[in-house]
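Student: For the sequence shown, position 118 (counting from the first letter as 1) is numbered 109 according to my numbering, and the numbering increases by one without interruption.
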Amino acid sequence: MPGHRPSAGGRAFRSRMENRALFCHNRLMNASNAHNAAPSRPARLWPRFCIAGGLLVAAGGLMAIFQQAGNAFFPGYRAFSKGLEGALAALSGIAPFSLWDILAIPLAIALVATFVFCLVKKRSLVAWLANVCIIVAAMLLFLVGAWGLNHYAPPLSDELGIEIREYSADELEAATAYYLEQAGALAAQVPRDEDMTLERQDFHELATIAGAGYEPLSSTYPLFEGSTAPVKELLVAGEPLLYSGHTGIFWPFTGEANVPSNIAIAEEPFIMCHEAAHRLGIASEQEANFAGFLACEASDDVRFAYSGYYEAFCYCLNALAANYPQRAQSLIETAIGAEVDPSNTKTYGARLVLFDRYCTAEHYQAYEGPAEDVGVAVNDAYLKTFSEESGVKSYGEVADYLIAWHLK
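Printed below as a string of structure tokens:
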């Protein structure tokens, strides 16, 4: 019996079935090969997190080494830090405004925009987070390596040749009275309005003077050699910074010393010098306060000299009030109770100093609130991380330096 020959339609059907089977086989093979050849996406991201972790470990390692053997790296490290920050200040000085203050806005927008992009396009948020972690860790390592290790420098008192010890109540009271007298002698010479409140000065003029404020000291104390770039005004972050309980900030990434334009008038020159001191590698807050005082005292501008003595008096008075409140009260009552005679610079000037202190406190009352508590807590944690055990209280410990300077 002759064999049956399939029809043309049957051959076509069988061909389609064979092609489909081959296609499915190829897809299965490709999927299998891809699975064996490439790791899953989370697995590919682990190296990025490892890089971020490595950067953090490096930062922590540097801090641990300097904490244990910091003296071995100074003054060499401070010279390196001053040179680097001075170069950054020169570069950022091309802009008449605080560079980081302005650049922070587009950077924040970019951070949010990339996050939203990942959500909308269903991209991996883990990958986004890994990249952010690398950037943040790299910034922290730069912060520590370029400037933060100055927190482990030998005491400034050693380089200035003054002795810091425990002082008696009489010594503290005498220093407080001395700085009140010095501030009082200049109080009437500082520009004032008709109601005797201090007159707001041109920010950029003061900022230029403060930037170069350590030059007179550098011939006697080489540690004050360094950048003379002007202090910069915070145009965007100024008010938020004041609400956070702070009156200035040094930004190591750009070498910029920054101050809000709306800080209290009496302390403006002093705070500018304080922030400029950070750029010279003086990281400790109490030592930056003392350096700021020295720069103001050495200035031939009465606005700076007054601001320095005014702040010195305030810090000493705060220390006196905290430890010997009756002595502090007696000193204030003596100054207030003195006869008002404008020709007597000692008594009249002292009253002006106390009036400026009242105006300063009133000025900052508007910025008190929850944001201040958060800001102070963050700064306290930061300072303690770098072994400033007193945290934000270290600002007031400058009184020990001021007493020693008075007794020198």
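Cβ coordinates follow ideal geometry from the N, Cα and C atoms, glycine included. Since the model is a prediction, treat every value here as computed from it, not as a measurement.
#1: Can you tell me whether Lys223 is helix, strand or coil according to DSSP?
#2: Given Cys305, which residues of its chain have a CB within under 7 Å of its CB, disregarding the five upstream and five downstream residues?
#3: Can you tell me whether Glu247 is helix, strand or coil according to DSSP?
#4: Assuming Phe281 and Tyr392 make a contact with CB atoms under 8 Å, what is their CB distance in whole Å?
#5: Leaving out five residues on either side along the sequence, give the residues of the same chain with a beta carbon under 6 Å from the beta carbon of Thr351.
#6: According to DSSP, is Trp119 helix, strand or coil?
#7: Taking 8 Å as the cut-off, does the region 215 to 228 touch the region 70 to 88 (at least 3 CB pairs, one atom from each stretch)?
#8: Using DSSP with H/G/I as helix, E/B as strand and the rest coil, what is Arg191?
#9: With 16 other CB atoms within 10 Å as the buried threshold, where does Ala25 fall?
#10: Taking the alpha carbon of Ala242 as the reference point, which residue from Gly67, Gly236 and Glu224 has its own alpha carbon closest?
#11: May I ask you to list the residues that DSSP assigns as paired with Trp242?
#12: What's the C-alpha gap between Glu288 and Tyr300?
#13: Please say whether Cys264 and Gly204 have beta carbons closer to each other than 7 Å?
#14: Tell me whether Asn27 is buried or exposed, calling it buried when 16 or more other Cβ atoms sit within 10 Å of its Cβ.
#15: Thinking Cys307 and Tyr170 are a contact (beta carbons under 8 Å), I'd like their distance in whole angstroms, please.
#16: From Gly67 to Asp186, what does the alpha carbon distance come to, in whole angstroms?
#17: Count the other C-beta atoms from every protein chain shown that fall within 10 angstroms of the C-beta of Ala198, then say buried if there are 16 or more, exposed otherwise.
#18: Look at Glu266 and Gly229 and say whether their C-beta atoms are less than 7 Å apart.
#19: Using the rule of at least 16 other Cβ atoms within 10 Å of the residue's Cβ for burial, across every protein chain shown, is Gln277 buried or exposed?
#20: Take every Cβ of the region 161 to 179, pair it with every Cβ of the region 339 to 348, and state whether three or more of those distances are shorter than 8 Å.
#21: On the CB-based measure, 16 or more other CB atoms within 10 Å of its CB, does Ile126 come out buried or exposed?
#22: Could you name the residues of the same chain whose beta carbon sits closer than 8 Å to that of Leu46, not counting the 5 residues immediately before and after it, in chain order?
#23: Going straight from the alpha carbon of Asp193 to that of Met54, what length do you get?
#24: Fully enclosed by the region 106 to 153, which beta strand (DSSP E) runs are 3 residues long or longer?
#25: Give the DSSP bridge partners of Arg183, in chain order.
#26: Within a Cβ cutoff of 6 Å, which residues of the same chain sit near Ala279, ignoring the five residues on either side of it in sequence?
#27: Indicate the three-state DSSP secondary structure (helix, strand or coil) for Arg318 in the structure shown.
#28: So, at 6 Å on beta carbons, what are the nonlocal neighbours of Leu19 in its own chain, with the 5 sequence-adjacent residues on each side left out?
Tutor: Judging by the given coordinates:
#1: strand
#2: Within the same chain, Cys305 has close Cβ partners Arg348.
#3: strand
#4: 4 Å
#5: Ala255 and Ala257
#6: helix
#7: yes
#8: coil
#9: Bear in mind that the predicted position of Ala25 carries a pLDDT of just 47, short of 50, making it unreliable; the figure below should be weighed with that in mind. So Ala25 counts as exposed.
#10: Contrary to the premise, residue 242 reads as Trp rather than Ala in this sequence. The shortest Cα separation from Trp242 among Gly67, Gly236 and Glu224 belongs to Glu224.
#11: Glu247
#12: 7 Å
#13: yes
#14: Because Asn27 sits at a pLDDT of 48, beneath the cut-off of 50, its placement in the model cannot be relied upon, and the point is left open.
#15: 6 Å
#16: 51 Å
#17: Buried, since its Cβ has 16 or more Cβ neighbours within 10 Å.
#18: No, they are not a contact pair.
#19: buried
#20: yes
#21: exposed
#22: Taken in chain order, the residues that qualify are Ile125, Ala128, Ala129, Leu131 and Leu132.
#23: C-alpha separation (whole angstroms): 40 Å.
#24: Segments of the beta strand (DSSP E) lying fully in the region 106 to 153: there are none.
#25: Paired residues: Leu189.
#26: His265, Ala268, His269 and Ile273
#27: helix
#28: Caution applies to Leu19, whose pLDDT of 49 falls short of 50 and renders its modelled position unreliable; the value that the coordinates give is listed next. Cβ neighbours of Leu19 beyond the five flanking positions: none.
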